[in-house]
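One line per chain: the protein sequences are A and B, in this order.
Read in order, the letters of the first sequence are residues 2 to 473 in this note's numbering.
Read in order, the letters of the second sequence are residues 195 to 778 in this note's numbering.
Down below is the structure, laid out as structure tokens.
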Amino acid sequence: MADGRSWSYNRGVNKSKSTQMCRNTTFFCLTVSLPAPPQATCVQYRLVVRDVNTLQILHLYTCLDQIVHMEWSSDSLFILCAMYKRGLVQVWSLEQPDWYCKIDEGSIGLVSSRWSPDGRHILNTTEFHLRVTVWSLCTKAVSYIKYPKACQKGIDFSRDGCYMALAERRDCRDYVSVFVCDDWHLLRHFETETQDLAGVEWSPNGCVLAVWDSCLEYKVLLYSLDGRLLSTFSAYEWSLGIKSLAWSPSSQFLAIGSYDGKVRILNHITWKKVTEFDHPASINNTKAVVYKEVERKPVVGSADLSIQQHITMGSTLFNTQSKYEICPLPVQVPVVKPDLDRANPKVGVSSMAFSSDNRYLATKNDNMACVVWVWDMQRLGLLAVLEQTSAVRCFQWDPRRPRLALCTGNAKLYLWSPAGCVSVQVPAEGGFQVQSVTWHCSGDSLILLGKEQLCLCYMEVGEEEEEDDDVK
Amino acid sequence: MPESSLEIKDTSCSSSRYRMSSLRQYSQSSVLPLPMTRNPYTMPTISAFCTEDNVSECISYINREVSSLGFPLLCTESNNGPELNLVAVLNNVYNLLQLHRRCLQTVEDIEVEQVKSNSNMDYLQLSNTRLKDQLELSKRENTGLLERERQLQLKVKSLHNCLKNEKEEVQKLQSIIASRATQYNHDMKRKEREFGKLKERLNQLLIDKKDKKQTFEVLNYVGRSDGKRSLWKTGKTEARHEGEMYKTLLNDYDSRHKDLLMENAELKKVLQQMKRDMVTILSPRKPSQSGEKHDDSLEQTSSEEDEVCDSSRESLELSCEHAREQLTNSIRQQWRRLKSHVERLDSQASLVGERANMNAIPKEVHEEEMDRLKLEIQQYKDFIHTQQQLLQQQLNSPCDDETASLLNDCYMQEEKERLKEDWKSFEEKRKNFEAERRNFTEAAIRLSHERKAFEEDRATWLKHQFLNLTPFGDQMKPQMSKSQSALSGWAESEVRPMSTPAKLNKSLSHTAFSTSRASPAKTPSTADLYRTHRLIPEKSPSTIHPKQDSSILRNDDVPAQLRHVNGGANCRAYTFTGDRIGSI
Numbered sequence: 002m003a004d005g006r007s008w009s010y011n012r013g014v015n016k017s018k019s020t021q022m023c024r025n026t027t028f029f030c031l032t033v034s035l036p037a038p039p040q041a042t043c044v045q046y047r048l049v050v051r052d053v054n055t056l057q058i059l060h061l062y063t064c065l066d067q068i069v070h071m072e073w074s075s076d077s078l079f080i081l082c083a084m085y086k087r088g089l090v091q092v093w094s095l096e097q098p099d100w101y102c103k104i105d106e107g108s109i110g111l112v113s114s115r116w117s118p119d120g121r122h123i124l125n126t127t128e129f130h131l132r133v134t135v136w137s138l139c140t141k142a143v144s145y146i147k148y149p150k151a152c153q154k155g156i157d158f159s160r161d162g163c164y165m166a167l168a169e170r171r172d173c174r175d176y177v178s179v180f181v182c183d184d185w186h187l188l189r190h191f192e193t194e195t196q197d198l199a200g201v202e203w204s205p206n207g208c209v210l211a212v213w214d215s216c217l218e219y220k221v222l223l224y225s226l227d228g229r230l231l232s233t234f235s236a237y238e239w240s241l242g243i244k245s246l247a248w249s250p251s252s253q254f255l256a257i258g259s260y261d262g263k264v265r266i267l268n269h270i271t272w273k274k275v276t277e278f279d280h281p282a283s284i285n286n287t288k289a290v291v292y293k294e295v296e297r298k299p300v301v302g303s304a305d306l307s308i309q310q311h312i313t314m315g316s317t318l319f320n321t322q323s324k325y326e327i328c329p330l331p332v333q334v335p336v337v338k339p340d341l342d343r344a345n346p347k348v349g350v351s352s353m354a355f356s357s358d359n360r361y362l363a364t365k366n367d368n369m370a371c372v373v374w375v376w377d378m379q380r381l382g383l384l385a386v387l388e389q390t391s392a393v394r395c396f397q398w399d400p401r402r403p404r405l406a407l408c409t410g411n412a413k414l415y416l417w418s419p420a421g422c423v424s425v426q427v428p429a430e431g432g433f434q435v436q437s438v439t440w441h442c443s444g445d446s447l448i449l450l451g452k453e454q455l456c457l458c459y460m461e462v463g464e465e466e467e468e469d470d471d472v473k
Numbered sequence: 195m196p197e198s199s200l201e202i203k204d205t206s207c208s209s210s211r212y213r214m215s216s217l218r219q220y221s222q223s224s225v226l227p228l229p230m231t232r233n234p235y236t237m238p239t240i241s242a243f244c245t246e247d248n249v250s251e252c253i254s255y256i257n258r259e260v261s262s263l264g265f266p267l268l269c270t271e272s273n274n275g276p277e278l279n280l281v282a283v284l285n286n287v288y289n290l291l292q293l294h295r296r297c298l299q300t301v302e303d304i305e306v307e308q309v310k311s312n313s314n315m316d317y318l319q320l321s322n323t324r325l326k327d328q329l330e331l332s333k334r335e336n337t338g339l340l341e342r343e344r345q346l347q348l349k350v351k352s353l354h355n356c357l358k359n360e361k362e363e364v365q366k367l368q369s370i371i372a373s374r375a376t377q378y379n380h381d382m383k384r385k386e387r388e389f390g391k392l393k394e395r396l397n398q399l400l401i402d403k404k405d406k407k408q409t410f411e412v413l414n415y416v417g418r419s420d421g422k423r424s425l426w427k428t429g430k431t432e433a434r435h436e437g438e439m440y441k442t443l444l445n446d447y448d449s450r451h452k453d454l455l456m457e458n459a460e461l462k463k464v465l466q467q468m469k470r471d472m473v474t475i476l477s478p479r480k481p482s483q484s485g486e487k488h489d490d491s492l493e494q495t496s497s498e499e500d501e502v503c504d505s506s507r508e509s510l511e512l513s514c515e516h517a518r519e520q521l522t523n524s525i526r527q528q529w530r531r532l533k534s535h536v537e538r539l540d541s542q543a544s545l546v547g548e549r550a551n552m553n554a555i556p557k558e559v560h561e562e563e564m565d566r567l568k569l570e571i572q573q574y575k576d577f578i579h580t581q582q583q584l585l586q587q588q589l590n591s592p593c594d595d596e597t598a599s600l601l602n603d604c605y606m607q608e609e610k611e612r613l614k615e616d617w618k619s620f621e622e623k624r625k626n627f628e629a630e631r632r633n634f635t636e637a638a639i640r641l642s643h644e645r646k647a648f649e650e651d652r653a654t655w656l657k658h659q660f661l662n663l664t665p666f667g668d669q670m671k672p673q674m675s676k677s678q679s680a681l682s683g684w685a686e687s688e689v690r691p692m693s694t695p696a697k698l699n700k701s702l703s704h705t706a707f708s709t710s711r712a713s714p715a716k717t718p719s720t721a722d723l724y725r726t727h728r729l730i731p732e733k734s735p736s737t738i739h740p741k742q743d744s745s746i747l748r749n750d751d752v753p754a755q756l757r758h759v760n761g762g763a764n765c766r767a768y769t770f771t772g773d774r775i776g777s778i
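Here is the structure:
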């Protein structure tokens, strides 16, 4: 990749209480707002809003308790901060720093809070999933939706923000309610033919709703917006079923990842299986390129190393260089034998993501935790395999270009594009471990989240300059 | 015994033809042994029967006896008593002798027969016992197989039982799983219901509870993101929502329809292009395949359809239903034609070789062509000849030096050309010969190797034999020496003819091999050599088992013979190669 990268990283070290450092992970939330450049960071009680380009602080808000969850509204005018323990939600405005909003759910409790797509309503799910409360910032109106189902993905909004699908459970049967987000009018309410519904997801064009059953049964139901059952798909019986599901951005394909380590692709016309991607332990596909990460340990004196180890508290990987090598076929992929006697075994395809141009699909099979597979959706075949030295934590596609970023919990960022594969050392001091990566909506920058720090990576085409910008 | 019987048979055969001449032979060969055999019985009686005193009684007795036996009387009644008729006596004696001979012969025959039948019986008994043994053996095998079958059947039965058990087990387990699943589902439902009730209760309680209610504090309300004011909920809104929903759905279907239409159009285009290509590919073939009527009719129909299609092509885009059918039909037809055509081509390609031989017409044409060409060649030859003659005339006639030299050059050139050709053919021959020579040397080397191996074999074998046969050394030695001498004699005779072809080869002529002189000398000699070499093993096993019967010995010979055949071949080849190498 020819992209030059410039770096800035934010040391989110606790300023108030050094004793709570170890708990920082939960307090450290971050999102990049969609249309506007600001970037928000929250550190314990405080919410810091910075400019994404200059990293200057724009706003600073103080909440009542430690922030557990933070979310930008769709128009980037408001920020929602949830404190689940207290059952509190605080909303801040960027336009009017004095404006505030506080929602207290009271003794009924709070487990999840989110914005509605219009950015004027807040949906709070109470403890035990007793109900969903919809608060309006416009009219102060409160609506309740009863019987929400506690499952993998019980609520989904359509991409255009018009409709919300909600999974419900009453009288031991599953139902789906489709609401119009505009005025929370119940548009459709229908029973689904599922044993134990696990999730609902709208197709990106908002016309088809995919409903899937829990892992005990392999079943995908496809409903039209008006509640008609379009099709049912079941690949096999008895064995553990669906683990993940993903729509292609064009709504043309529906990828279903299951516990048997396969991804099945359905088409949008007949809703039949187009193809099946297996994740074999030995790769013989001559059309695939296998990139293997190889570490190069720097020559360091033992005393130096021990000091560093003291400093980094056992993060041994931070100083190693690594690069990708193309392996000659056939390649044996390291496979972890899962403990099948325990619940939620580490097998099957757990995460899948389509690139923004629909061309590629990235998948990860849980019993091959170090490997990310990239499939070509035009050829419907394997294109590339990235074999990392450690388990892959997260991967995300560039929202604009066919470019995949992934992290494995060390001080490196890995990028894949059809042109090749690169491993980039994060120029941070101490044991910076990238836990997750998030692209800016423009695809120009990338946020790397560590446990106590964050790092912003700017993708600048054509520039070879690397800039290390420390921000306090 | 068999010897004598055989002799008698021979003589009896001959006696039928040359009765008189063989009389002497009888007296020599067959009568002589008789007294020897009959001696103990006949001699005393003869001495006691007739004496000087009782001649007349004897005569009368014999006369009586003879007459009673139906022979002519010995005596004729004359005046002075019975008179011995010598002729009659002799006749009688001869007759008796004949009878006796015949009897003997029949006895011999019978004996031979008996011996034969005895040996036959022995053989039959032997074979009988052998067959009995075989029967026993096969019976035993049969019982063994039966036993095995029984065991296998038992095994199968047990496996069947196992399978049945397993199936039952599976069924049981399945039923257990099913019952457990239903139980589990039931319990789940019960629990969920309870859970629902609890939730309800909790909800109620929390709502009723006054101390910590839900609160919502907002500084001031914010406007909607779209800037509009929210609308009242009325019956209209529902209709509006429905309408919007259907609008989005319709839009989606519209876009999909458009996509499909576009795809369809593309595919149609491709189909049409394909069809056009097919037509262009197939149409020039038409005249050439006019012979095949079935095809013709098909083409006609399709061409008709083509026209129809062409006429309707403009409206194709509009009335897709009809046009599509036509298009697909015509495409299908064209495709079928193309397929059949390709198949035919395939079959033609496969039959090309056969057809070249089979086709009578091309052959005739070919012959005609050949004749024509021959005629032409003849013409040209004549032409050349006349030219040559003319040139000769010119040469003979006085002419200037230039033309003479030119002519000379021409002739030289011609000569050179001819020589070159000769040289070429000579070279070719030489090459062939070289290749042949190489083959021979290779074969010779191989054979020499084999011979060496055989020699070693023989040496070890001889040693073995020698060690085994020290007690019978005196018996063996003459035979050995004899066989060796025989071998050496044959080897000499072998080497001589073999050298002749080699010598011929040296003279660089291919025909040497096919000359009548070389080939007969070669073939019988090798055969003879084999035979001679067989002599060695034929005798040698007898030295190993000197006490055994000759018949058994003969049987034992066979492998040894075969071995020595190889040896003989080796020997021959060796001498040959020796010569060859010498020549090279």
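Positions of the beta carbon are idealized from the N, C-alpha and C atoms, including for glycine.
7 Å Cβ cutoff, residue i in contact with chain B
i, result
"Ser204 (chain A)", "no"
"Tyr101 (chain A)", "yes"
"Val275 (chain A)", "no"
"Arg121 (chain A)", "yes"
"Val212 (chain A)", "no"
"Val53 (chain A)", "no"
"Glu461 (chain A)", "no"
"Leu362 (chain A)", "no"
"Cys182 (chain A)", "no"
"Gly155 (chain A)", "no"
Whole-angstrom C-beta distance between residue j and residue i, which should lie under 8 Å
i, j, result
"Ser541 (chain B)", "Lys469 (chain B)", "Incorrect: roughly 25 Å between the Cβ atoms, too far for contact."
"Ser357 (chain A)", "Arg401 (chain A)", "6 Å"
"Ile284 (chain A)", "Val373 (chain A)", "So it is not a contact: roughly 13 Å between Cβ atoms."
Alpha-carbon spacing of residue i relative to residue j, whole angstroms
i, j, result
"Gln322 (chain A)", "Tyr85 (chain A)", "41 Å"
"Gln486 (chain A)", "Thr409 (chain A)", "Residue 486 (chain A) cannot be examined here, being either before or after the span of chain A that is shown, 2 to 473."
"Ala638 (chain B)", "Gln308 (chain B)", "57 Å"
"Cys456 (chain A)", "Leu449 (chain A)", "5 Å"
"Glu326 (chain A)", "Tyr292 (chain A)", "5 Å"
"Thr287 (chain A)", "Pro281 (chain A)", "14 Å"
"Glu96 (chain A)", "Val416 (chain B)", "11 Å"
"Gln454 (chain A)", "Lys324 (chain A)", "24 Å"
CB contact check: residue i to chain A, cutoff 7 Å
i, result
"Lys430 (chain B)", "no"
"Asn359 (chain B)", "no"
"Val536 (chain B)", "no"
"Val473 (chain B)", "no"
"Thr409 (chain B)", "yes"
"His380 (chain B)", "no"
Chain E contact residues for residue i, given Cβ-Cβ distances below 7 Å
i, result
"Lys393 (chain B)", "Given the protein chain composition of this structure (A and B), no chain E is represented."
When the options are compared against residue i, the one with the closest alpha-carbon
i, options, result
"Ser240 (chain A)", "A:Leu231, A:Glu218, A:Gly258", "A:Glu218"
"Leu255 (chain A)", "A:Val221, A:Tyr237, A:Leu230", "A:Val221"
"Ile252 (chain A)", "A:Ser424, A:Glu461, A:Val334, A:Ser204", "Here residue 252 (chain A) turns out to be Ser, not Ile, going by the sequence shown. Closest by alpha carbon: A:Ser204."
request  = Jot down the residue ranges of each uninterrupted beta strand (DSSP E) in the segment 349-373 of chain A, minimum 3 residues, whole runs only, in chain order.
outcome  = 350-355, 361-366
task = Counting only runs of 4+ residues fully inside the segment 207-233 of chain A, write out the alpha helix (DSSP H) ranges in chain order.
result = Restricting attention to alpha helix (DSSP H) runs no shorter than 4 residues, the segment 207-233 of chain A encloses none.
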